[in-house]
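Here's the structure we're looking at; comments come further down.
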Ligand SMILES: [Zn+2]
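In my numbering, the protein residues as written are -1 to 84.
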């Protein structure tokens, strides 16, 4: 199935970038928890990846949702770093 949720890619990138400045646990488990929390607050953006269109669609999605994504990611990092699940 050539379908991906581009929001997943972008949230993953934002978490990685924002975690560089954070002094919290960055293990796979915590990062996955952060990703799940952030993605639950954001709309899914599924695109088909035929014809190599993924990147232009990804760009449009980022522009439309950049502020929302940053807020959701920051809140998710905050929540998990205060209460890591381990
Ligand atoms: Zn951890």
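Yeah, the Cβ is synthetic: ideal placement off N, Cα and C, and Gly gets one too. Being a predicted model, the structure only gives us computed values, none of them experimental.
Would the beta-carbon of residue i be found less than 7 Å away from any heavy atom of ligand 1?
i          : result
residue 84 : yes
residue 61 : no
residue 81 : no
residue 12 : no
Tell me the DSSP bridge mates of residue i?
i         : result
residue 1 : 46
Determine the closest residue to residue i out of the options, with distance taken between C-alpha atoms.
i          : options           : result
residue 4  : 20, 24, 72 and 64 : 64
residue 41 : 0, 80 and 60      : 60
residue 6  : 44, 83 and 28     : 44
residue 92 : 10, 58, 21 and 0  : The requested residue 92 is not part of the displayed model; the chain covers only -1 to 84.
residue 13 : 33, 0, 27 and 2   : 33
residue 80 : 2, 1 and 24       : 24
residue 83 : 62, 68, 58 and 26 : 26
Give a yes or no on whether the C-beta atoms belonging to residue i and residue j are separated by under 8 Å.
i          : j          : result
residue 71 : residue 16 : yes
residue 74 : residue 19 : no
- Any beta strand (DSSP E) of 3 or more consecutive residues that is wholly inside the stretch 1 to 25: Counting only runs of 3 or more residues that sit fully inside the stretch 1 to 25, the beta strand (DSSP E) segments are 1 to 3, in chain order.
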